[in-house]
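S.K.: Protein chains in written order, with my numbering: chain A, 1 to 449; chain B, 1001 to 1449.
Protein chains: 2
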Amino acid sequence: MKHFDLLIIGGVAAGMSAASQARRYNENISIGVFEKSDFISYGACGMPYLISNLITDYKKLLAVDKNKYINERNIQIFTNSEVTEVNFKEKNVSVKHADSLEKYSYDKLVIATGAKAVIPPIKGMDSEKVYTLRNLDDGLEIKKYLELVKPEKGVIIGGGAIGLEMAESLRALDIETIILEKMDIIAAAFSEEVRKTITDELIRNNVSIITGADIQEIAEKENGMQIQYNGHIIDTDFIIASIGVRPNTDFLKNTGLNMTGRGAIIINEKSETNIENVYAAGDCCTVRNLITKDDVYMPLGTTSNKQGRVAGLQAAGINSERFKGVVGTQFVKVFDLEIAKTGLSEKEAAEHGINTDSAEVYRRSKAGYYPNAEKIFIKIIINKDDRTIIGGEAAGKDGAAQRVNILAAAITAGMNIEDFAYMDLGYAPPFSPVWDSLLAGAQKLLIRN
Amino acid sequence: MKHFDLLIIGGVAAGMSAASQARRYNENISIGVFEKSDFISYGACGMPYLISNLITDYKKLLAVDKNKYINERNIQIFTNSEVTEVNFKEKNVSVKHADSLEKYSYDKLVIATGAKAVIPPIKGMDSEKVYTLRNLDDGLEIKKYLELVKPEKGVIIGGGAIGLEMAESLRALDIETIILEKMDIIAAAFSEEVRKTITDELIRNNVSIITGADIQEIAEKENGMQIQYNGHIIDTDFIIASIGVRPNTDFLKNTGLNMTGRGAIIINEKSETNIENVYAAGDCCTVRNLITKDDVYMPLGTTSNKQGRVAGLQAAGINSERFKGVVGTQFVKVFDLEIAKTGLSEKEAAEHGINTDSAEVYRRSKAGYYPNAEKIFIKIIINKDDRTIIGGEAAGKDGAAQRVNILAAAITAGMNIEDFAYMDLGYAPPFSPVWDSLLAGAQKLLIRN
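1. Where does P1433(B) land, buried or exposed, given buried means 16+ other C-beta within 10 angstroms?
2. Let me know the beta strand (DSSP E) ranges lying completely inside the region 1233 to 1318 of chain B, each 3 residues or longer, listed in chain order.
3. Check distances from the C-beta atoms of the region 352 to 376 of chain A to those of chain B and list, in chain order, the residues that come in under 9 Å.
4. Can you pull the chain A residues whose beta carbon is under 8 Å from the beta carbon of T1236(B), in chain order?
5. Pick out whichever of T211(A), T113(A), A442(A) and A172(A) has its Cα sitting closest to the Cα of I53(A).
6. Does K1108(B) come within less than 7 Å of chain A when only Cβ atoms are used?
7. Distance cutoff 7 Å, beta carbons only. Does Y422(A) sit that close to anything in chain B?
8. Using CA coordinates, which residue listed in I142(A), M423(A) and N74(A) is at the minimum distance from K1306(B)?
9. Which residues share a DSSP beta bridge with R1364(B)?
10. According to DSSP, is D107(A) helix, strand or coil?
11. Give the interface partners of S1320(B) over in chain A, defined as CB-CB distance under 7 Å, in chain order.
12. Tell me the rounded alpha-carbon separation between F1088(B) and L1252(B).
13. Are the beta-carbon atoms belonging to I111(A) and A19(A) less than 7 Å from one another?
14. Can we say the region 124 to 144 of chain A touches the region 34 to 44 of chain A, given the rule of at least three CB pairs closer than 8 Å?
15. Check distances from the C-beta atoms of the region 263 to 292 of chain A to those of chain B and list, in chain order, the residues that come in under 7 Å.
16. Tell me which same chain residues have a C-beta within less than 8 Å of the C-beta of D1357(B), skipping the five on either side of it?
17. Determine the chain A residues that contact K1060(B) at a beta-carbon separation under 7 Å, and present them in chain order.
18. Assess contact between the region 1090 to 1098 of chain B and the region 1177 to 1195 of chain B, defined as three or more Cβ pairs (one per stretch) separated by less than 8 Å. Is contact present?
19. What are the boundary residues of the alpha helix (DSSP H) that includes S17(A)?
20. Could you tell me whether the Cβ of F4(A) comes closer than 7 Å to any Cβ of chain B?
21. Does DSSP put S94(A) in a helix, in a strand, or in coil?
22. Looking at C-alpha atoms only, which residue of M1001(B), L1006(B), A1013(B) and Y1025(B) is the closest neighbour of R448(A)?
23. In whole angstroms, give me the CA-to-CA distance for N1416(B) and E1360(B).
24. Quick check: what's the CA-CA separation for L1164(B) versus I1178(B)?
25. Check whether the Cβ atoms of A241(A) and V130(A) lie closer than 7 Å to each other.
26. Please confirm if the region 152 to 166 of chain A is in contact with the region 253 to 272 of chain A, defined as three or more CB-CB distances below 8 Å between the two stretches.
27. Suppose you measure from the CA of S437(A) to the CA of G414(A); what does that come to, to the nearest Å?
28. Return helix, strand or coil for M183(A), following the three-state DSSP convention.
29. Which residue wins for smallest C-alpha separation from F331(A), given the options G1032(B), K1103(B), P1429(B) and E1072(B)?
30. Spell out whether any CB of chain B is found under 7 Å from the CB atom of L425(A).
31. Roughly how many angstroms lie between the CA atoms of M225(A) and Y370(A), to the nearest whole one?
32. Classify I1075(B) as helix, strand or coil using the three-state DSSP reduction.
33. How many whole angstroms separate the CB atoms of V1118(B) and I1239(B), which I take to be in contact at a CB cut-off of 8 Å?
34. Go to N405(A), then tell me how far its alpha helix (DSSP H) extends in each direction, as first and last residue.
35. Buried or exposed for N1067(B), going by 16 or more other Cβ atoms inside 10 Å?
36. Kindly indicate which three-state DSSP category Y131(A) falls into: helix, strand or coil?
See the structure below:
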């Protein structure tokens, strides 16, 4: 049985971060990475832009060449190699290669198997013209279809971040685009005012939106597909289902590995699981919410990279490394709009028994008299009792999203609104009004007496 | 003797902020504002862009119309009215109007007289073709000269923020531009790498830079001016002197008002001076540096507005209002470059006995594969002993400056580099690499063992 001192399951963001960092800080251990697909170390978040042809060559999404890992970093990479079983007691894994089955033993293990698309149990959802967008294979398959067939009409099921990004991609290719959302609202993570802004932007870009759409059946017809929902029928050439994802951890069931009910591996700030010498990282894991202290499932690329880095360093013997958790920051570009959120929504806060107060403002991105200023919406949410900032949102152009990062820093640090409202943000006319939108919003929350 | 419950000396940023906020929270008091110049409530920071014709009409710089203050807000405004003396004991001020001298009594006083340009004692510096840029009158005078005479060549004395902005203005008008700086470096507030970037950008835009230039004499000639420095001579059509500013507080000397040696009024977080019922705000004041806890002279528009707001609210009886101080954030646009700084430089830290460590990185503004990514330079400085972030800089495009605001928030909150390096900044390919430049810089400062 071949042995790796460090064995990593999964070779995308989290897995390759772990491999690279482990090697960087430890030249002596043997490292092996097993990846189910053809590709390693790719920028999955770039796929909507690959599909829209903003990025023409998929190779640009590959962060590091595979051969470089092998030759320069002395990391062994096995692609098309699926780990089907882990024996935590014996410390080995079973691997299905393209044409063989093998076992490999390990000293330290990093599980970074990512997530897979949720497919709702609807008749016809398994049609091959219902695409999902999760792995680079998925992205390339969609791209190939769009280039070969040049379809005229597409339906996106799901109005979350990926659905919104895909709407932009399809419109860039001049494809008639419909978003079909089961809930009464799209972009449900955001507050009403931001959702309204997103809807306006979609409509401005000729995207149709159908909410409250409960799909009964999807049927392949001679020249495309038919979707039945609420008794209505839509014809379309193809469908992209972006309903959500769930952890790729089915093969780990009943192994004693600590997971949530939905199969997310629970890890701590060292990326350690409950099993000694077993780490996990990325979209197959939970992450600590720094505000509520809950371990939540919030799979995002930047978190994957952080968890992967810590897993790799810890596994390589760097015990000092810690990733304490997230505050829930999310950015999404919707056509020309920057949309961003951090912290808790008012609803989430209420669910955690937190009393909130909030303020919303529209301000310009630059001084009023400076040309080409854009409108920025800012929402700030505070804990009414201890006055700390716990959430915020932005929508607009010209730096709207980066402003939410300033809120994220304040939330991470536990800053109160009184200090934030007079914070020393930089000012010059090309960058903001003298009271930046963030300060203007915060000022509205001050109690003056 | 006419009486005002609240009397304000100075009607620009700080003074009008004080007046507006006092009125907003107190409808019953009488408020009078005395302004030496023709104009009130203008955006002084916009003047370089007025001169460059990016803003064509100076009226756009006037934040609120004078008549609106008088009629809608019931604030009495006296322009061309210079306060020449304050009698703190008797609680009255002497005012030189255009054609009369009057005295006015007050209950509460806000001093917001701003600053004036420093004119070094060099022969010929008092020539009328040596312009300074401080008040709107100054700006309009330069603009009028440039439009009437259409000069071909200008010299800017001083390579600080205003000098850099004015270089951009003059080049926009296709005027041959030279920056003459006494020190060996321009943009001395910034670190070496940023200064290099600024210099490159100036040269790319055909601005000549002469450093170490010790001016001996300025002489008016038949067709322009001659500057003698270090034994050399430069011919020029006009000169803009932007060497620095000092508080407009000469008329307050020997009154018992607590000021620094250089005449900056020392105030606390309520904008109170050492004299009861006397507040001060803006460029005539000190501000608390939150890192060093020193009261420093750092006159900036955004600080003026904050101090003015607090002075007005406090004077109107809102005792809860506090502006605790600044961390030294400064933004300046230099042609197409965003330049930003916050916190202490390594030199300033050393002067305060703080051991530092620092990291510098260049990263892209967007994901590597996303089109039109720009280069961003980030520097982060930490206190080596307690690991808190104490300073940082940025240079670049596409959101470089806003990233320094994230550092400013971290500094204000006392965040340590370990938490910052794994902070949950938003990510999507159009907004940043998966490890944003800030995180990449911070990661370099982590101690791994």
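Built from N, CA and C at the ideal position, the CB exists for glycine as well. As the structure is a computational prediction, the values presented were derived from the model and not from experiment.
M.R.: This is what the structure gives:
1. buried
2. 1238 to 1241, 1245 to 1247 and 1278 to 1280
3. A367, G368, Y369, Y370 and P371
4. Simply none; closest approach about 27 Å.
5. It should be pointed out that residue 53(A) corresponds to Asn in this sequence rather than to Ile. The option with the nearest alpha carbon to N53(A) is A172(A).
6. no
7. yes
8. M423(A)
9. K1375(B)
10. strand
11. I447, R448 and N449
12. 10 Å
13. no
14. yes
15. none
16. I1381, I1382, K1384 and L1445
17. Y369
18. no
19. A13 to Y25
20. no
21. strand
22. Y1025(B)
23. 17 Å
24. 11 Å
25. yes
26. no
27. 20 Å
28. coil
29. P1429(B)
30. yes
31. 51 Å
32. strand
33. Not confirmed; about 14 Å, so no contact.
34. A400 to A413
35. exposed
36. strand
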